[in-house]
Amino acid sequence: MPSNLQAKFAIVITPALLMLTSAIGIIAFSWPLILTSESLISPYFAPVLTALILSVSLLAVFTAISSGNLHSKAIALLGLLAALIAAARLLGAHAFGIEPMWAFIVIAGRALGPTIGFSAGSLGMVSSAVITGGIGPWLPFQMLAAGWVGLIAGLIPIPKNKIEVPLLAILGALLSLIVGLLLNLWFWPTATVGNVAIEFLPGAQITDNLNRLMLYSITTSATFDIPRAIVTFTLIMLIGGGMLRTLRRITRPTKFVLQENLN
């Protein structure tokens, strides 16, 4: 049995790993707003960030398992959730914002906690990329966005009563809109050259570039972001209650989550 020291270590190290990765991710996403006009991101940055996210996702889970905070069956369920998320992403294929995967990430994070939520989202995203050959500089940003959705869904306190599913559906819709904005941010500086109204201005004030980013998002991706939010909301309303009960039923008899499932 894991010692109390191991359990306390996991309680500290797991959030620290997620916070470190999130901090690096925030810098990676916001580079157009914080770097100077002469600054460039190294071409090696994307693969390094991808490796970091994968390592943290797995290390956080294994640390919790070794300390007894998560049951060893977490690995099997995490793999199942990652496969489900990858399959849902393939089903949507980004067609007009029809991306059911986000609903599953939100539900997983809510039912199983932030660590599993982050890991399931990021691993599901990389799994689908491997299957489809969609590996590129965009992948770590997609992994972070998916991981954060699961992380936030596991951290936000929502009462377990009749309003749980509607509130979770609203949260899922909001997170789906934020995902669109985040994924626009990383490539927006190179996608708007020549369009004076919405193009990135190196060295400009942060507020000025944020306004341009918002205008870019509204004019170019609203037709994807809004349907994504609607699909996420609808799916959670339809299957959220049943999926939450199923995941909790699976975890309850084996004490799958001892420290993580606080919400």
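Per our numbering, the sequence shown starts with residue 63, numbered consecutively.
For each residue, glycine too, the CB sits at the ideal point set by N, CA and C.
Ignore the nearest five residues each way along the sequence and tell me which others in residue 207's own chain have a CB closer than 7 angstroms to its CB. To locate residue 207, count along the sequence shown from 1; it is residue 145. If the five residues before and after residue 207 are omitted, its C-beta is found closer than 7 angstroms to the C-beta atoms of 241, 244, 245, all from its own chain and listed in chain order.
Mapping the DSSP letters down to three states, classify residue 258 as helix, strand or coil. For the purposes of this step, residue 258 is taken as the residue at position 196 of the sequence shown. In this structure, DSSP gives residue 258 a state outside helix and strand, which the three-state scheme calls coil.
Does DSSP put residue 371 in a helix, a strand or coil? The displayed coordinates of the chain run from 63 to 325. Any statement about residue 371 would go beyond what the structure contains.
Excluding the 5 residues flanking residue 118 on each side, which residues of the same chain have their C-beta closer than 6 angstroms to its C-beta? In the sequence shown, counting from the first residue as 1, residue 118 sits at position 56. Sequence-distant partners of residue 118 (beyond 5 residues in either direction) whose C-beta falls short of 6 angstroms from its own C-beta, in its chain, are 79, 83.
Between which two residues does the alpha helix (DSSP H) harbouring residue 94 extend? Taking the sequence shown and counting its residues from 1, the one referred to as residue 94 is at position 32. Per DSSP, the continuous alpha helix (DSSP H) segment holding residue 94 begins and ends at 93-96.
Helix, strand or coil at residue 142 according to DSSP, with G and I counted as helix: For this step, residue 142 is matched to residue 80 along the sequence shown. Residue 142: helix per DSSP, three-state reduction.
Buried versus exposed call for residue 287 [16 or more other C-beta atoms within 10 Å across all chains shown]: One-based indexing of the sequence shown puts residue 287 at position 225. By the neighbour-count rule (16 or more Cβ atoms within 10 Å), residue 287 is buried.
Any beta-carbon of chain C closer than 9 angstroms to the one on residue 179? Checking the listed chains, one finds no chain C in this structure; it contains a single protein chain.
Would the segment 230-239 count as touching the segment 291-310 if we require 3 or more Cβ pairs under 8 angstroms? Judged by Cβ distances under 8 angstroms, the segment 230-239 makes contact with the segment 291-310, as three or more pairs qualify.
Can you look up residue 220 in the DSSP assignment and give me helix, strand or coil? In the sequence shown, counting from the first residue as 1, residue 220 sits at position 158. Residue state, collapsed to three classes: coil.
What does the Cβ neighbour count give for residue 179, buried or exposed, with the cut at 16 atoms within 10 Å? If you number the sequence shown from 1, residue 179 lands on position 117. With 16 or more neighbouring CB atoms inside 10 Å of its own CB, residue 179 falls in the buried class.
Based on Cα-Cα distance, which residue from 186, 223, 96 lies nearest to residue 139? Taking the sequence shown and counting its residues from 1, the one referred to as residue 139 is at position 77. The residue from 186, 223, 96 with its alpha-carbon nearest to that of residue 139 is 186.
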